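Here is the structure we will look at.
Numbering (UniProt numbering), first residue to last: 1 to 551.
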């Protein structure tokens, strides 16, 4: 039967039976908010068309009229409509946090199709086609695919595979960038320490091996290395984790427990001035047997690293290279290092830029203050517009922004948000944030989110250049000018004045001269008062309106 004939017949039948009154009494679109409601709805016969939505986005209201019209005119009891909230239905969790309209087609409890987007003609054609297929299934002429509602359709699987591939490429790109930054920091630190400590090397004796310090000294002596300093040290969990990263053997549970439970002995090994060679290589050869392997490839049994090992716990640790030496020096001898060079610069975590309209500032900063997002907010600022290539800073705090007299809708607030730990190898697993930006911020509909941490680092470098977090210098108040005092008249001037007065000098002239002095002094006082008022105001021209110009 042609579609037009079906429409005409359905309309005629509805008119004859008073379908207008009946349609007003029947709920044409069910609302599904729980797993129980979802499961009950799936038990209905016929074709089920479900509009899946997220709470922050809402269902597709623009399609409601078309769907109801299709149900009344074509579908009848064979078509059931519903809106389902993916946030509270476990079967629909793959559709959460999505803003694109999603339509699921279900029959006999099986997912038969999924349509994305608010394309009314396409959705109508799909409903008509699936209704026809449902009739063929009832006649036994067609078999429905066996696919549970939580499973992906072939088109969804293709999209999911492509997205996963893209995400994996981004993860690899970000991991490579983090590792490159780590190596750059280690190289810079190693060079900095070499300028002052090129002939020394740290070492660590485990608690059970400290009584064999003499054996260490005797092993080093033939290689021109001495124990220049030693001190007991009790390492915490963080320090033990640093050593575990530098030397995997120290990451064993028994070794890590021994480090934090009892004091170890930090040694400072120094190469004698008349000895050639690298102090690290000499120390490793003497204590660990590097380059002294026997014919079968094993270490000599008399090497201290072998002799002092007990129950799988190494007796002594010596850095293997210059990078490790720098890290262990900073860990074991921080005071000695601090007397010569500055401490290492803390690593900056991988981050991205998230941009919102400045009119959202209250909601954005409120979401950023949530327990999940607060530790990840590194910096923020207000900018003149959404230009990412050449941003123009307006101010750095919301207090400064509120003082601006004129605010434009094009102004933006940009957040620098961490998407990972600064030192992944040193981070406690419980302190590692979940991947991606905080959901609290994404739910507010940002104008821009960096594609990944590599792009985000480049964008944040433009929004928040070096020195951005340094406090802005406050204008210093001008010093008050000292009031000029009259010079004391000399004895000769007084005598001369007395002579002039006795000779009949005009008293008015003397008074007039005094008046001039008073006027001049009054002018100076007014000038000083004006400068004092200007200094007390401390006007910040970057965040305050310009002063009124007199006409």
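Quick reminder that beta carbons are idealized off the backbone N, C-alpha and C, glycines included. Quick caveat, the model's predicted, so the values are computed rather than measured.
Kindly confirm or deny that the stretch 453-472 and the stretch 166-181 touch, where touching means at least three C-beta pairs closer than 8 Å. yes
Let me check understanding here. Comparing Cα to Cα, which of 315, 395 and 443 lies closest to residue 366? 443
CB-CB under 8 Å to residue 122, same chain, minus the five flanking residues each way: which ones, in chain order? 115
Through-space distance from residue 376 to residue 370, alpha-carbon basis: 10 Å
Grab me the residues of residue 372's own chain with a C-beta within less than 6 Å of its C-beta, minus the 5 sequence neighbours each way, in chain order. 438
Is residue 274 buried or exposed, if buried means 16 or more other CB atoms sit within 10 Å of its CB? exposed
Quick one: does the C-beta of residue 469 sit closer than 7 Å to a heavy atom of the ligand FMN? This structure does not include the ligand FMN; it has no bound ligands of any sort.
Thinking C-beta only, is residue 48 closer than 8 Å to residue 80? yes
What does a CB cutoff of less than 6 Å around residue 83 pick up in its chain, not counting 5 residues either side in sequence? 31, 51 and 59
Mind checking whether residue 280 and residue 218 have CB atoms under 8 Å apart? no
Backbone CA spacing between residue 529 and residue 435 [nearest angstrom]: Its pLDDT being 48, under 50, residue 529 is placed unreliably by the model, and nothing is read from it.
Helix, strand or coil for residue 206, going by three-state DSSP, please let me know. coil
Keeping to the same chain, check which residues put their C-beta closer than 7 Å to that of residue 189; ignore five residues upstream and five downstream. 326 and 344
Compute the distance between the beta-carbons of residue 152 and residue 233, then report whether it is under 8 Å. no
Out of 423, 307 and 137, state which residue places its alpha-carbon closest to the alpha-carbon of residue 238. 423
Secondary structure at residue 232, three-state DSSP: helix, strand or coil? strand
Quick check on the burial criterion: 16 or more other C-beta atoms within 10 angstroms. Buried or exposed for residue 304? buried
Report the three-state DSSP secondary structure of residue 336 (helix, strand or coil). helix
Cβ-based neighbour list, residue 313, same chain, cut-off 8 Å, excluding 5 preceding and 5 following: 206, 208, 252, 254, 255 and 258
Cα-Cα separation, residue 361 to residue 229: 56 Å
Cβ of residue 96 within 8 Å of Cβ of residue 54? yes
Leaving out five residues on either side along the sequence, give the residues of the same chain with a beta carbon under 6 Å from the beta carbon of residue 427. 421
Out of 45, 67, 73 and 91, which one is the CA nearest neighbour of residue 134? 45
With distances taken Cα to Cα, identify the nearest neighbour of residue 289 among 227, 216 and 381. 216
Residue 432 burial status per 10 Å Cβ neighbour count (16 or more: buried): exposed
Which partner residues of residue 31 appear in the DSSP bridge assignment? 83
Can you give me the C-alpha to C-alpha distance between residue 25 and residue 105, rounded to a whole angstrom? Confidence in residue 25 is poor, its pLDDT being 34 and thus under 50, which makes the residue's placement too unreliable to answer from.
Looking at C-alpha atoms only, which residue of 210, 214 and 245 is the closest neighbour of residue 310? 210
State the DSSP-derived secondary structure class of residue 43, mapped to helix, strand or coil. coil
Helix, strand or coil, according to DSSP, for residue 553 in the structure here? Absent from the model: residue 553. The displayed extent of the chain is 1 to 551, so no value can be given.
Between the CA atoms of residue 126 and residue 2 - distance to the nearest angstrom: A caution first: residue 2 carries a pLDDT of 42, below 50, which makes its placement in the model unreliable, though a value can still be read off. Approximately 16 Å, taken between the alpha carbons.
Does DSSP put residue 529 in a helix, a strand or coil? Low confidence applies to residue 529: its pLDDT is 48, below 50, so where it sits in the model is not reliable, and the reading given next is rough at best. Note: residue 529 maps to helix in three-state DSSP.
Find the nearest neighbour of residue 33 within the set 86, 69, 468 and 66, judged by alpha-carbon distance. 86
Going by C-alpha distance, which of 411, 388 and 379 is nearest residue 394? 411
Close Cβ partners of residue 263 (< 7 Å) along its chain, the five nearest in sequence each way excluded: 207, 232, 233 and 234
Helix, strand or coil for residue 148, going by three-state DSSP, please let me know. coil
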